[in-house]
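Below you'll find the structure, written out as structure tokens, and then a few comments.
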Amino acid sequence: MPSFRSRIFFALISLAALPLTWAIVNGPVISANFPDPAILVTSGGTYAFATNSGNINIQVATSTDGGVTWELQSGVDALPNVGSWATANSTWAPDVIDRGDGTFVMYYAAWSTSHSTHCVAAATSVTPVGPYTPESHPIACQTSGGGAIDPAGFQDTNGTRYIVYKVDGSSLGGGGPCGNANGEYSTPIMLQEMEADGVTPTGEPVQILDRGQSDGPLIEAPALILHNGTYVLFFSSNCYNTDLYDISYATAPSISGPYTKASSPLLITDDDGLTAPGGATPRLDGEFMVFHATVNTNPLTRYMYTATATWNGTIVST
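This is the structure we're talking about:
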């Protein structure tokens, strides 16, 4: 079987697309259940946020050395109160952006009893660790499609703000370890334009990606960056509670696409000793990311890891 580096090299060269090679995987850097991590870099430090654990809606970890070492903020809840529409301890896959005016915006997913699905929503704070104050209404629910999860923020070069999220068709059933094994339901990634406040949607969402045959029953966990004029959409495919879960990406010349998937994932089980790597969020410059990998299946426990990447024009360097 070809090495991890060789697999990435040939996949990218064959696409004549994005010059990216993962150079170093570190971790676990948080040895506690910290799934679906997101990263926020500020002048005062680096922060990571993760899916609920115990009675904590949104977990927080901090780093004072740019993400080399991390400290889990035990007992700290960045979102102590979810929106009035939502159920506590049902919060998934947060993302936080710096709005640039002294306000930080958190995007998160939570269960809505009125919709009987997860919805994505926003909350704001004047400090990175919170507490964040939730907006009174969700941004999107996509009820007929199975709900909306895994939101992540993005700002384009013209200043326009967006979020990307997954329509959770895998929640509608179909068997298998995480639903939709019969492939009946779509799990598209949506792009939603936002107003300048980062919390108010404007216009209708646009589908920018969906699963293909190699993705198994779903794609999810989108995160969007812009690197040297190319839009890069990171995502995970296959089922999160199996060894097939991975970190993949797709590229596009414009924000609305069309997005072209790489022919091979960036990280899969057994790469660098990992099991089921996924839920990746890159730093805005694309040179560093946080992600989780499974360390125990019962109970399902996922630790946080980091990876660095090298970009060099059209040349892949190792």
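Residues -23 to -1, 1 to 295 in mature numbering (1 follows the signal peptide of the UniProt record, and there is no 0) are what the sequence shown lists, from first letter to last. For each residue, glycine too, the CB sits at the ideal point set by N, CA and C. Keep in mind the model is a prediction, meaning the values are calculated, not measured.
Reduced DSSP secondary structure (H/G/I, E/B, other) of residue i
i: Gly31; result: coil
i: Thr23; result: strand
i: Ser213; result: strand
i: Gly256; result: strand
i: Gly263; result: coil
i: Ser89; result: strand
i: Thr101; result: strand
i: Thr137; result: coil
i: Leu251; result: coil
i: Gln190; result: helix
Contact check, residue i vs residue j, beta carbons under 8 Å
i: Cys96; j: Gly124; result: yes
i: Ala87; j: Gly60; result: yes
i: Thr90; j: Ser148; result: no
i: Pro178; j: Ala117; result: yes
i: Asp223; j: Gly255; result: yes
i: Glu197; j: Asp127; result: yes
i: Asp133; j: Ile232; result: yes
i: Pro242; j: Cys216; result: no
i: Pro14; j: Thr278; result: no
i: Ala99; j: Val176; result: yes
Local Cβ density within 10 Å of residue i, reported as buried at 16 or more and exposed below that
i: Ser(-10); result: Low per-residue confidence applies at Ser(-10): pLDDT is 36, beneath 50, and the placement is therefore not dependable, though the value from the model is reported in the following sentence. Ser(-10) should be labelled exposed.
i: Gln190; result: exposed
i: Pro182; result: buried
i: Leu251; result: buried
i: Gln184; result: exposed
i: Asn10; result: buried
i: Pro105; result: buried
i: Asp192; result: buried
i: Gly79; result: exposed
i: Gly122; result: buried
i: Pro235; result: exposed
i: Pro12; result: buried
i: Asn159; result: exposed
i: Gly44; result: buried
When the options are compared against residue i, the one with the closest alpha-carbon
i: Cys155; options: Met83, Ser214 and Leu261; result: Ser214
i: Gly150; options: Tyr139, Thr39 and Tyr162; result: Tyr162
i: Gly21; options: Thr39, Asn157 and Gly160; result: Thr39
i: residue 308; options: Pro71, Pro115, Thr283 and Gly136; result: One cannot answer for residue 308 here, as it falls past the ends of the chain, which runs -23 to 295.
i: Ile245; options: Leu168, Asp220, Ile35 and Asp262; result: Asp220
Rounded C-alpha distance that separates residue i from residue j
i: Glu112; j: Tyr142; result: 18 Å
i: Trp288; j: Gly206; result: 13 Å
i: Pro165; j: Leu210; result: 13 Å
i: residue 300; j: Asp75; result: Outside the shown range of the chain, which is -23 to 295, sits residue 300, and nothing can be said about it.
i: Met83; j: Ala200; result: 14 Å
i: Pro5; j: Ala173; result: 36 Å
i: Asp187; j: Tyr226; result: 12 Å
i: Val2; j: Gly153; result: 30 Å
i: Ser30; j: Leu203; result: 31 Å
i: Thr64; j: Asn32; result: 12 Å
i: Ala(-8); j: Tyr208; result: Legend: pLDDT at Ala(-8) = 37, less than 50; position of this residue unreliable, value from coordinates given subsequently. Between Ala(-8) and Tyr208, the C-alpha separation is close to 15 Å.
i: Ile7; j: Glu48; result: 7 Å
i: Met167; j: Pro276; result: 31 Å
i: Tyr139; j: Asp42; result: 29 Å
i: Phe81; j: Pro108; result: 10 Å
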